[in-house]
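Enquirer: The structure under discussion is supplied below as structure tokens; questions concerning it will follow.
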Amino acid sequence: MKRFVLLSTVALPLLLIAGLFAMYRPVAGSDGAPDLPDSATADPFAIEIVRAYYPDESVLAEVRRWTEPWSWDREAGYILLDVTGSERLWLEELGFRLEVDEALTARYSQPNEYLPGQGNGIPGYACYRTVEETFTTIDDIVSNHPQLASLIDIGDSWVKAEGGGPGYDMLVLKLTNSAIAGPKPILFSMSSVHAREYAPAELNTRFAEYLINNYGSDADVTWLLDYHEIHLLLQANPDGRKMAESGILWRKNTNENYCSPTSTNRGADLNRNFPFQWDCCGGSSNSACSLTYHGPTPESEPEVQAITDYVSSIFADVRPDDFVTPAPITTTGVFLDLHSFSQLVIWPWGHQTALPPNSQEITTLGRKMAYFNNYLAAQATVLGITDGTTDDFAYGTLGVAAYTIEMGTEFFQQCSVFENTIVPANMPSLLYAAKSARAPYMLPAGPEAIDLSHQLLTIPVGTSATITFSATLDDTRYSSGSEPVQNIAAAEFYIDTPPWITATTPLPIAMTPADGNFDSSVEVVNGSLDASGLALGRHSVFIRGQDAAGNWGIVAAFFVDVVETESLYLPLVTHP
């Protein structure tokens with residue numbers, strides 16, 4: 005096992021499902037497909053983005069042998085994809101009618117250039133940090149918040165490990181309050197393992213910044229970092245990402261042993277190189293120049309070796325590597341792999357259409373995450389068969405609840421869409437996944453505590469005062485399918501000690517339904533607390549609900565400050 009170094013320092017309609025198929029590009033001329041350049045003389049920008057109208061769906065199987073369409077408009081009868089000249093001729097021979105998307109072709113067929121006045125970020129896309137800028141952000145977070153953040157070097161990129169160049173370290177940013185002892189449940193979130201997917205790495209980085217910046221002021225973020233661990237691999241394919249920053253649609257790593265040492269088609273698809281069911285089922289390519297080339301052996305790539313070793317070190321192995329044994333219902337931890345694009349939340353299996361052993365529980369959390377971003381939630385085979393993938397590895401090998409989020413509508417997503425749509429839609433999904441890590445196969449089935457309202461946030465010490473507050477308990481917030489919904493059956497709150505602490509015995513205090521009866525799947529509940537006995541300092545109030553099936557939901561919290569001064573501002577505060 006690798007020794008890790010700790011450093012101080014809405015349901016989507018089918019018309020836009022990017023990469024719907026598990027498709028690949030073979031080496032030149034194989035299986036009757038068009039020749040693919042394997043030399044440095046090929047211009048990576050000599051492409052067109054086309055709408056390829058197919059004569060019938062049967063020919064799509066032919067296409068899936070060599071490329072990965074960007075999207076599929078089934079109603080209109082076309083796929084969107086980038087093509088070279090030889091690929092265009094081949095499609096036309098198959099009976100496709102091609103229409104060039106002039107706007108997309110103009111954007112993707114030339115190198116990125118800096119915008120006027122742009123000083124930072126990927127050229128032309130100021131909202132996305134470069135690899136170096138991402139690592140600088142990590143260093144700044146660790147330096148400025150040493151109690152909450154640490155940096156772990158889990159391995160090296162291909163260029164650094166084997167390519168004879170400087171390359172990059174594979175860096176994990178770990179966030180937790182180190183002053184509070186564990187063990188703690190873990191969220192692991194990796195991003196942009198496919199290099200051309202700009203948005204995921206930036207979203208993951210902003211997730212880290214959100215947690216750090218809101219610790220101590222947001223009660224939910226505070227308990228999350230106090231009692232959980234967040235492990236973030238922000239740049240999962242740094243060598244490839246550096247190539248994609250220039251504007252090349254680079255997907256794989258940059259391993260020069262495959263295709264040709266200088267070809268822009270070289271490298272292995274890291275998300276087909278994971279060991280669980282590697283090259284098992286036609287969900288990746290044997291052709292070294294293809295987009296989904298799985299590498300010569302499982303874990304042949306140093307980036308994958310680093311990820312599998314690290315993930316296996318932080319999550320317990322709780323199930324055998326079969327297709328029928330479920331992980332225990334009490335399993336902790338959540339694994340996320342952030343991609344673009346498709347607007348999907350997907351989960352294992354990807355290598356077969358059969359359901360995974362924990363299908364019901366995995367589906368429930370997936371539908372819960374999709375509630376926030378309004379994406380389609382489905383098993384990964386909605387994209388076609390894929391093998392050797394990250395989430396199949398995490399669940400299949402270890403039993404951890406594992407998901408891929410496919411965000412947005414483009415590889416090089418425009419910044420206005422990223423800022424105004426992707427970030428606000430997906431940040432709540434990431435937060436919920438992190439909160440659920442204590443019991444991901446149980447907590448998502450319970451009601452959420454939302455819309456907390458409370459008075460007397462600040463009170464003088466020793467004063468006789470009653471804190472009154474309310475919350476809405478909601479057992480209905482799921483997307484993409486039908487989840488069991490029950491009436492709310494109970495509500496309770498805790499002072500300072502959350503319900504999962506076992507060293508002491510937390511004292512639950514009952515809350516009451518505002519309408520007098522627990523008889524609905526959505527209930528407003530009220531609570532009150534005599535604050536006269538609260539000690540000087542900050543106190544946390546944790547609220548949770550239970551449904552009629554006995555499922556407890558995730559807690560929501562707010563702060564109460566007991567101070568020495570009599571000069572107080574006593575607002576009514578409402579927050580989600």
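Using our numbering, the first residue of the sequence shown is number 5, and each one after it goes up by one. The beta carbon of each residue, even a glycine, is placed where N, CA and C say it ideally should be. It should be emphasised that the depicted structure is a prediction, and the values quoted were computed from it without experimental measurement.
So for E423, helix, strand or coil by DSSP?
Expert: E423: helix per DSSP, three-state reduction.
Enquirer: Which value, in whole angstroms, describes the spacing of the CA atoms of E497 and E72?
Expert: Here residue 497 turns out to be Phe, not Glu, going by the sequence shown. Going from the Cα of F497 to the Cα of E72 covers about 50 Å.
Enquirer: So, are the CB atoms of I51 and Y112 less than 8 Å apart?
Expert: Taking 8 Å as the Cβ cut-off, I51 and Y112 qualify as a contacting pair.
Enquirer: With a Cβ-Cβ cutoff of 8 Å, do E369 and A331 count as a contact?
Expert: It should be pointed out that residue 369 corresponds to Leu in this sequence rather than to Glu. Cβ atoms of L369 and A331: not closer than 8 Å.
Enquirer: Per DSSP, which residues does I190 bridge with? Please list them.
Expert: I190 is bridged to E233.
Enquirer: Looking at the strands, I want to know which residues DSSP matches up with I492.
Expert: Answer is D551.
Enquirer: Under a Cβ-count criterion, where at least 16 other Cβ atoms within 10 Å of its own Cβ denotes burial, should A80 be classed as buried or exposed?
Expert: Exposed: under 16 other Cβ atoms inside 10 Å.
Enquirer: Excluding five sequence neighbours on each side, which residues of the same chain lie with their C-beta closer than 7 Å to the C-beta of Y133?
Expert: Note on identity: in this sequence residue 133 is Arg, with Tyr being the wrong assignment. So the qualifying residues of the chain are G125, T141, E206, T209.
Enquirer: May I have a chain-ordered list of the alpha helix (DSSP H) segments no shorter than 4 residues that lie completely inside the stretch 136-205?
Expert: With a minimum length of 4 residues, the continuous alpha helix (DSSP H) runs that stay inside the stretch 136-205 are 162-165.
Enquirer: Note down, one range per segment and in chain order, each alpha helix (DSSP H) of at least 4 residues found wholly within the stretch 245-326.
Expert: Listed in chain order, they are 306-318.
Enquirer: Relative to the alpha-carbon of V545, which residue among S161, T226, V421 has its alpha-carbon at the smallest distance?
Expert: Closest option to V545, Cα to Cα, is T226.
Enquirer: Note down the Cα distance separating S4 from V338, rounded to an integer number of angstroms.
Expert: No answer is possible for residue 4: the residues shown for the chain start at 5 and end at 580.
Enquirer: How is N218 classed by DSSP in three states: helix, strand or coil?
Expert: Reduced to three states, the DSSP call for N218 is helix.
Enquirer: Out of V197, E527, V529, R548, state which residue places its alpha-carbon closest to the alpha-carbon of F345.
Expert: The option with the nearest alpha carbon to F345 is V197.
Enquirer: Check each candidate in Q383, A374, C131 and name the one with the smallest Cα separation from S419.
Expert: The amino acid occupying residue 419 in the given sequence is Cys; Ser does not appear at that position. Checking every option, the nearest Cα to that of C419 belongs to C131.
Enquirer: Is it the case that the Cβ atoms of V566 and L540 are separated by a distance below 8 Å?
Expert: Yes; because the gap between Cβ atoms is below 8 Å, this pair is in contact.
Enquirer: Which word fits E97, buried or exposed, when buried means at least 16 other C-beta atoms lie within 10 angstroms of its C-beta?
Expert: By the 10 Å Cβ count, E97 comes out exposed.
Enquirer: Got a sec? Which residues, its chain only, sit under 8 Å from G123 by beta carbon, not counting five neighbours each side?
Expert: Taken in chain order, the list of residues that qualify is empty.
Enquirer: If you run the structure through DSSP and keep just helix, strand and coil, what is A110?
Expert: DSSP places A110 in helix when its eight states are reduced to three.
Enquirer: May I ask you to verify whether the stretch 475-482 touches the stretch 449-467, counting CB pairs closer than 8 Å and requiring at least 3?
Expert: Verdict: yes, contact present.
Enquirer: Provide the residue(s) that pair with L119 in DSSP beta bridges, ordered along the chain.
Expert: In the DSSP output, where bridge partners are listed per residue, L119 has none listed.
Enquirer: Measuring CA to CA, which of E201, D500, S524 is closest to V559?
Expert: Among E201, D500, S524, the Cα nearest to that of V559 belongs to D500.
Enquirer: State the CB to CB distance for the pair R270 and A199, rounded to an integer number of angstroms; the pair is presumed to be in contact (CB under 8 Å).
Expert: 12 Å between Cβ atoms; not a contact.
Enquirer: DSSP three-state call for V210: helix, strand or coil?
Expert: Per the sequence shown, the amino acid found at residue 210 is Arg instead of Val. Residue state, collapsed to three classes: helix.
Enquirer: Can you say whether P444 is buried or exposed, counting buried as having 16 or more other CB atoms within 10 angstroms of its CB?
Expert: Buried, by the Cβ-count rule.
Enquirer: With DSSP as the reference, label Q383 as helix, strand or coil.
Expert: In this structure, Q383 counts as strand in the three-state DSSP scheme.
Enquirer: Please work out which residues of its chain come closer than 6 Å, Cβ to Cβ, to V176, disregarding the five sequence neighbours upstream and downstream, and give them in chain order.
Expert: For V176, where only same-chain residues beyond five positions count, the Cβ hits under 6 Å are I156, I158, H235, L237.
Enquirer: Quick one: is D395 buried, meaning 16 or more other Cβ sit within 10 Å of its Cβ, or exposed?
Expert: Classification of D395: buried, given that the 10 Å Cβ count is 16 or more.
Enquirer: Could you please give the first and the last residue of the uninterrupted beta strand (DSSP E) stretch that includes Y129?
Expert: Segment: none, Y129 is in no beta strand (DSSP E) and carries neither H nor E.
Enquirer: On the premise that V315 lies in contact with T335, defined as a C-beta separation below 8 Å, what is that separation, rounded to the nearest angstrom?
Expert: About 14 Å; that fails the 8 Å criterion.
Enquirer: As a quick exercise: from L119, P360, V87, A212, pick the residue whose alpha carbon is nearest that of V104.
Expert: When only C-alpha atoms are compared, the closest one is V87.
Enquirer: State the DSSP-derived secondary structure class of F376, mapped to helix, strand or coil.
Expert: Reduced to three states, the DSSP call for F376 is helix.
Enquirer: Return the CA-CA distance between S90 and A56, expressed in angstroms with no decimal places.
Expert: Their backbone Cα atoms lie some 14 Å apart in a straight line.
Enquirer: Only counting the same chain, and skipping five residues up and downstream in sequence, which positions put a Cβ closer than 7 Å to that of E260?
Expert: G167, R270, listed in sequence order.
Enquirer: If you pair each beta-carbon of the stretch 365-384 with each one of the stretch 426-444, do three or more pairs fall below 8 Å?
Expert: Result yes; three or more Cβ-Cβ pairs closer than 8 Å.
Enquirer: With H, G and I counted as helix, E and B as strand and the rest as coil, what does DSSP make of P330?
Expert: Residue state, collapsed to three classes: coil.
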